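Peer 1: Residue numbers (the numbering used here): 2 to 234. Submitted below is the structure of interest, expressed as structure tokens.
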Amino acid sequence: MYKKVLVAEDMDDINKGVLSTLQETGISVVHQVQYCDDAFLKVMKANQDNDPYDLLIVDLSFKEDHRKQEYKSGEDLIKVLREKDIEIPIMVYSGEDRLQMVRRLINEYGVKAYVCKGRNGLHDLKKAIKSIGESSSPFLSIQVEGARRDSSDNDISPYDINLMKHLSKGLSQPEISAHFVRKGISPGSLSSVEKRIIRLKDIFRANNTAHLVALAKDSGFILKILRLRVPLK
2 MYKKVLVAED MDDINKGVLS TLQETGISVV HQVQYCDDAF LKVMKANQDN
52 DPYDLLIVDL SFKEDHRKQE YKSGEDLIKV LREKDIEIPI MVYSGEDRLQ
102 MVRRLINEYG VKAYVCKGRN GLHDLKKAIK SIGESSSPFL SIQVEGARRD
152 SSDNDISPYD INLMKHLSKG LSQPEISAHF VRKGISPGSL SSVEKRIIRL
202 KDIFRANNTA HLVALAKDSG FILKILRLRV PLK
């Protein structure tokens, strides 16, 4: 069980939720900082004092303000710690869900868990803390489970083509789901549509759905699939 944890998160309300969750798991010492530079200094000082942290929980995005920072993002912090051979277990707690990025953090920097903020974020945080101590496999929230797949898995199915057509027409994900259900297209549930769009965003390396459609159009993919004459069901 972890006894001493450092949390690097710049949003006060999120910090409160994380602190409460960690206390519920029985962690006795939780230090919180709002800047990656401060997190770096605390980790280094703790190691020098022979009282290292058992776990670092870090967000990826930090808003810039008047204070100049050397390490401006969670990834910057993770990278410098690994460059200095600091072996502290690291958990990312972030709103980012790009699979390519998650895959890189796991494979290159040995991140032990990637938890997505959101409705089930704090619940997943508890599960991740338990998982890190019991499993050698990284814990991933369901939104980024696809990061376990080989990044070469880029086959575009007829279902993907139909989905991309609807996205290019401006339909929302709930509208596409409802349409697929009415037409008997499987899988038609909203969660299935969302997961498939996450996969497509990974393939195209898109930041969001609008970016996905823009990249697909720029690459000529939208024009290509429209010429395939796959019915827009």
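Yeah, the Cβ is synthetic: ideal placement off N, Cα and C, and Gly gets one too. Predicted, not measured: the structure shown is a model, and the values here were computed from it.
Please say whether Gly96 and Lys128 have beta carbons closer to each other than 8 Å?
Peer 2: For Lys128 and Gly96, no; Cβs fall outside 8 Å.
Peer 1: Do you know offhand how far Ser65's Cα is from Leu56's?
Peer 2: Just to set this straight, residue 65 is Glu in the shown sequence, not Ser. The alpha-carbon atoms of Glu65 and Leu56 are separated by roughly 25 Å.
Peer 1: How far does the alpha helix (DSSP H) with Ala129 in it extend, from its first residue to its last?
Peer 2: Gly122 to Glu135 is the extent of the alpha helix (DSSP H) around Ala129.
Peer 1: Contact between the stretch 195-208 and the stretch 90-107: three or more CB pairs below 8 Å?
Peer 2: Yes, the stretch 195-208 touches the stretch 90-107.
Peer 1: Give the range of the beta strand (DSSP E) segment to which Ala114 is assigned.
Peer 2: It spans Ala114 to Cys117 - the beta strand (DSSP E) in which Ala114 sits, taken as one unbroken run.
Peer 1: I need the straight-line Cα distance from Leu233 to His167, nearest angstrom please.
Peer 2: Per-residue confidence for Leu233 stands at a pLDDT of 47, beneath the threshold of 50, marking its modelled position as unreliable; the derived number appears in the next sentence. If I take the Cα positions, the gap works out to 8 Å.
Peer 1: Given this structure, state the Cα-to-Cα distance separating Ile58 from Ile162, to the nearest angstrom.
Peer 2: Ile58 and Ile162: Cα-Cα distance of roughly 38 Å.
Peer 1: Rounded to whole angstroms, what's the CA-CA distance from Arg183 to Val81? Just pull it up for me.
Peer 2: Distance between the alpha carbons of Arg183 and Val81 is about 51 Å.
Peer 1: Just list the residues that DSSP pairs Tyr94 with in beta bridges.
Peer 2: In DSSP, Tyr94 forms a bridge with Val116.
Peer 1: Looking at the structure shown, is Arg35 part of a helix, part of a strand, or coil, going by DSSP?
Peer 2: In the sequence as displayed, the identity of residue 35 is Gln instead of Arg. Correct three-state label for Gln35: coil.
Peer 1: Use the C-beta contact count for Gln144: other C-beta atoms within 10 angstroms, 16 or more gives buried, fewer gives exposed.
Peer 2: With 16 or more Cβ atoms within 10 Å of its Cβ, Gln144 is classed as buried.
Peer 1: Please state whether DSSP places Ala207 in a helix, a strand or coil.
Peer 2: Of the three classes helix, strand and coil, the one that applies to Ala207 here is coil, per DSSP.
Peer 1: Please state whether the Cβ-Cβ distance between Val34 and Ala9 is less than 8 Å.
Peer 2: Their beta carbons are under 8 Å apart, which means Val34 touches Ala9 by this criterion.
Peer 1: Count the other CB atoms, across all protein chains shown, that sit within 10 Å of the CB of Gly75; report buried if there are 16 or more and exposed otherwise.
Peer 2: It is buried - the Cβ of Gly75 has at least 16 other Cβ atoms within 10 Å.
Peer 1: Is it buried or exposed for Asp60, if we count other Cβ within 10 angstroms and need 16 for buried?
Peer 2: By the neighbour-count rule (16 or more Cβ atoms within 10 Å), Asp60 is buried.
Peer 1: In whole angstroms, what separates the C-alpha of Val103 from that of Ser173?
Peer 2: For Val103 and Ser173, the distance between alpha carbons rounds to 25 Å.
Peer 1: Taking the DSSP output, what are the residues bridged to Ile58?
Peer 2: Ile58 pairs with Val8 and Met92.
Peer 1: What residue does the alpha helix (DSSP H) around Val103 start on, and which one ends it?
Peer 2: Looking at the DSSP string, the run of the alpha helix (DSSP H) that includes Val103 is Leu100 to Tyr110.
Peer 1: If the criterion is Cβ atoms closer than 8 Å, does the pair His32 and Lys43 meet it?
Peer 2: In contact: His32 and Lys43 (Cβ atoms closer than 8 Å).
Peer 1: Using beta-carbon positions only, say whether Val19 and Leu126 come within less than 8 Å of one another.
Peer 2: Yes.
Peer 1: Looking only at its chain, what residues have a beta carbon closer than 7 Å to the beta carbon of Thr22, apart from the 5 residues adjacent to it on each side?
Peer 2: Taken in chain order, the residues that qualify are Leu123, Leu126 and Lys127.
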